[in-house]
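Written below as structure tokens is the structure these notes are about.
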Ligand SMILES: NC(=O)c1ccc[n+]([C@@H]2O[C@H](COP(=O)([O-])OP(=O)(O)OC[C@H]3O[C@@H](n4cnc5c(N)ncnc54)[C@H](OP(=O)(O)O)[C@@H]3O)[C@@H](O)[C@H]2O)c1
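In the working numbering, the protein residues as written are 19 to 261.
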């Protein structure tokens, strides 16, 4: 199957991390579908990708953060594109430093869990069946790295949310050890920014996008976690993707 025959659903594709991945995939000839709750964000994404590839970008307003919303988005997407061969999931939010737990509310904790864990679960539940039984298909999770320690004081709830997404990815690998689809995770242990908003030590979302696109394009590995703490680690992702 050539890249042009593949349809990648980029969940969170209008975000900082996702937009870099979407651009890289489009530049390699893939068709890419993006669902966002915000049409203005989708318009900005259309302006951001290479103009020659815009025709291969399919955008859809929807909310994959509930079971019903994800099912609805799936039906609408299938009507538009007919099939999905690959899913890359970078749902969530960039950074959140709400303060120590005694200053936080249940509402804030619910929001963190909704955005980082529940949307990852509900979308996976809806879209995984489209790819799970085909070894030519892929499902790739992009997560943060806050598995076992606080990122820094004041980021406790972000750590809780990121850790729950990490645990979810881990149980998928263990619950589905023999699934045909290539199931991988890129675990980012640092910040990610656009070239205009990049801080020292951050990853450029375009370089991250290139590495993730290589992994999806080559689909040589499965049940693998790629930890990325610095730009040099992206080379490992690319090298292993190219094996
Ligand atoms: N940025 C970083 O520094 C960084 C570092 C390490 C790890 N990460 C991880 O990368 C992931 C994405 O981060 P980001 O920086 O790209 O965040 P972002 O810019 O806020 O983008 C997140 C995307 O997720 C989407 N989303 C969330 N809930 C949704 C829902 N219910 N339905 C549809 N779309 C939904 C948002 O869509 P809408 O357009 O609908 O809002 C948005 O496009 C997160 O899991 C984060 O932990 C990020």
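Glycine is no exception: its CB is placed at the ideal position from the N, C-alpha and C atoms.
(request) Look up residue 203 in the DSSP assignment and give the residues it is bridged to. (result) 159, 243
(message) Suppose contacts are defined by Cβ-Cβ distances below 7 angstroms. Is residue 144 in contact with residue 200 by that definition?
(response) no
(request) With DSSP as the reference, label residue 217 as helix, strand or coil. (result) coil
(message) Rounding to the nearest angstrom, what Cα-Cα distance links residue 21 and residue 119 in this structure?
(response) 46 angstroms
(message) Taking 6 angstroms as the cut-off, is the beta-carbon of residue 66 closer than that to any non-hydrogen atom of ligand 1?
(response) no
(request) For residue 92, write down the residues that DSSP places opposite it in a beta bridge. (result) Residue 92 is not bridged to any residue.
(request) Count the other CB atoms, across all protein chains shown, that sit within 10 Å of the CB of residue 108; report buried if there are 16 or more and exposed otherwise. (result) buried
(request) Give a yes or no on whether the C-beta atoms belonging to residue 99 and residue 42 are separated by under 7 angstroms. (result) no
(message) Quick check on the burial criterion: 16 or more other C-beta atoms within 10 angstroms. Buried or exposed for residue 228?
(response) buried
(message) Assess contact between the segment 192-211 and the segment 156-167, defined as three or more Cβ pairs (one per stretch) separated by less than 8 angstroms. Is contact present?
(response) yes
(request) Return helix, strand or coil for residue 167, following the three-state DSSP convention. (result) coil
(message) Using the three-state DSSP reduction, which class does residue 260 fall into: helix, strand or coil?
(response) coil
(request) Check the C-beta distance from residue 77 over to residue 96 and give it rounded, since I have them as a contact under 8 angstroms. (result) Contact flag wrong, Cβ pair sits at about 15 angstroms.
(message) Once the 5 residues before and after residue 173 are set aside, which same chain residues still bring their CB inside 6 angstroms of it?
(response) 115
(message) Quick check on residue 109: does DSSP put it in helix, strand or coil?
(response) coil
(message) Check whether the segment 219-226 and the segment 26-44 are in contact - that is, three or more C-beta pairs closer than 8 angstroms.
(response) yes
(request) Determine which residues share a DSSP beta bridge with residue 54 and list them. (result) 79
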